[in-house]
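Quick note on numbering: this note's numbering labels position 266 of the sequence shown as 254, and the sequence is numbered without any gaps. First up is the structure itself, then whatever we jot down about it.
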Amino acid sequence: MEKSLGITEKVMKHLENPVVQKAVKVKAEVIARATEFLREQGFVELLPTIVSPLTDPLNHEVFNARFDYYGTIYRLTQSMIFHKQLAVTAFDRIFIVSPNVRLETEDKKDSGRHLFEFTQIDLEMKGAKREVVMNLIEELLVYVISSVKRSCSEELRALGSEVKVPAIPFKKVKYLEVLKEYGKDFEKILSERATEPLWLVDIPINNREFYDKLSEDGQTLLDMDLILPQGFGEVLSGGEREYDYERILMRMEYKNTDRNDFEWYLRIAEDGGLVPSAGCGFGVERLTRYICNLPHVSLTRLFPKVPGMDWI
Ligand code: AMP
Ligand code: MG
């Protein structure tokens, strides 16, 4: 009895928290304006894939979320990367408001940036180069932030947010150059010093999965992260994709990826079913946290899943 009262108090306190209520409202507006922008740019919205034999292997350790259904192992979606690559066969430009389950380790509890269930706005463009995606995102952010500043001005004032409409184009910095200049904490340092969002480009092959396209230098990828200013850190990752079967196999070998986990994907790639594309995904909670100037992404959800903690 006492335990259930404790749960009720805990949940109600969060639901009634005025900061949470304001942030959730801003987040709804962020999703509405971002998806409106994409629709106007000719993107078709797809519904999310929640379970599949295939999902993003990720480049960091998470617990497995999988189950056996009639002998097929299904995984909860960590990102829709492979489905996006296939979807551009049907439509040139697609996006998904995509729930992701990543069972992050509890050391990420206080990062301010991690949940084990979050939402990406995930998009892909057939035949595009990464510059096209970067230009699109810059314009999307200007549109979203200026709209939200107008429609949620009261909420933002109450939250103490003084978020600026970013100036475009954003600065681009190369991963290996900033690593050399600032050392391994370069991302944190750059984010804390920045007053505008900035692109981190040309991420080394070791730091990313096999699907981001290798550049001609053989060392870095044709990909990018978007880093928010004032210490809010990474909000987006994306890039051009590998689509050629032999190149995918080479990249999997490089990372010691278990081919058995990607059987269907590899079969389709071998049959020539993948086409050139580029895309990205940005975290809705992280963008909202930045716009609202909040200490933790958990404040942007009514039912937040904080790593290592239980919640309904
Ligand atoms: P990724 O491609 O893995 O970088 O994921 C795309 C975006 O999703 C990131 O840039 C973040 O904005 C967001 N994201 C990734 N993991 C998490 C997480 N555990 N909690 C909240 N947002 C996340
Ligand atoms: Mg990333």
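The C-beta atom is built at its ideal place from N, Cα and C for all residues, glycine as well. Owing to the predicted nature of the structure, the values given are computational and were not obtained by experimental measurement.
Residue i lies in the alpha helix (DSSP H); which residues open and close that run?
i	result
Met122	118 to 139
Leu202	Counting along the chain, Leu202 falls outside any alpha helix (DSSP H), and DSSP gives it neither H nor E.
Thr276	272 to 280
Phe174	174 to 181
Please classify residue i: does DSSP put it in a helix, a strand, or coil?
i	result
Ser40	strand
Glu(-3)	helix
Phe25	helix
Ala266	strand
Trp252	helix
Tyr58	coil
Lys72	helix
Thr245	coil
Thr45	Before going on, a small fix: residue 45 reads as Pro here, not Thr. Pro45 falls in the coil class under three-state DSSP.
Pro6	helix
Glu150	coil
Lys96	helix
Met(-11)	Any reading at Met(-11) is ruled out, since the residue's pLDDT is 48, under 50, leaving its predicted position unreliable.
Tyr170	helix
Ala197	Residue 197 is actually Glu in this sequence, not Ala. It is coil, neither helix nor strand.
Ile300	coil
Ala20	helix
Tyr233	helix
What first and last residue would you give for the beta strand (DSSP E) that runs through residue i?
i	result
Ile215	211 to 216
Thr65	Note, Thr65: premise wrong, no beta strand (DSSP E); not H, not E.
Ser225	221 to 228
Glu33	32 to 34
Exposed or buried, residue i, counting other C-beta atoms within 10 Å across all chains shown (16 or more means buried)?
i	result
Thr288	buried
Phe55	exposed
Met297	exposed
Arg181	exposed
Met68	buried
Phe291	exposed
Tyr253	buried
Ile300	exposed
Met(-11)	At Met(-11), the pLDDT of 48 sits below 50, so the modelled position is not reliable and the matter cannot be decided from this model.
Asp190	buried
Pro295	buried
Gly148	exposed
Lys1	exposed
Lys72	buried
Phe51	exposed
Tyr278	buried
Gln108	buried
Tyr163	buried
Lys201	buried
Gly(-6)	exposed
Glu169	exposed
Arg145	exposed
Gly171	exposed
Quickly, what does DSSP pair residue i with across the bridge? List them, please.
i	result
Met113	Arg81, Ala266
Gly261	None; Gly261 has no bridge partner.
Lys160	Trp187
Phe106	Asn88
Val14	DSSP lists no partner for Val14.
Phe51	Leu91
Pro192	Thr208
Lys293	Glu105
For residue i and chain E, any beta-carbon pair shorter than 8 Å?
i	result
Met68	Protein chains in the displayed structure number just one, and chain E is not present.
Could you tell me whether the region 277 to 284 touches the region 3 to 13, where touching means 3 or more Cβ pairs closer than 8 Å?
-> yes
Quick one: any contact between the region 117 to 133 and the region 209 to 225, if contact means 3 or more CB pairs under 8 Å?
-> yes
Below 8 Å, can you find three or more Cβ-Cβ pairs linking the region 223 to 236 to the region 264 to 277?
-> yes
Segment contact flag, the region 229 to 239 with the region 183 to 199, C-beta cutoff 8 Å, min 3 pairs = yes
The region 87 to 105 touching the region 120 to 132, judged by at least three CB pairs closer than 8 Å = no
Are at least three pairs of beta-carbons, each pair with one atom in the region 141 to 148 and one in the region 21 to 35, less than 8 Å apart?
-> no
Segment contact, 8 Å Cβ cut-off, at least three pairs: the region 80 to 88 with the region 101 to 116 = yes
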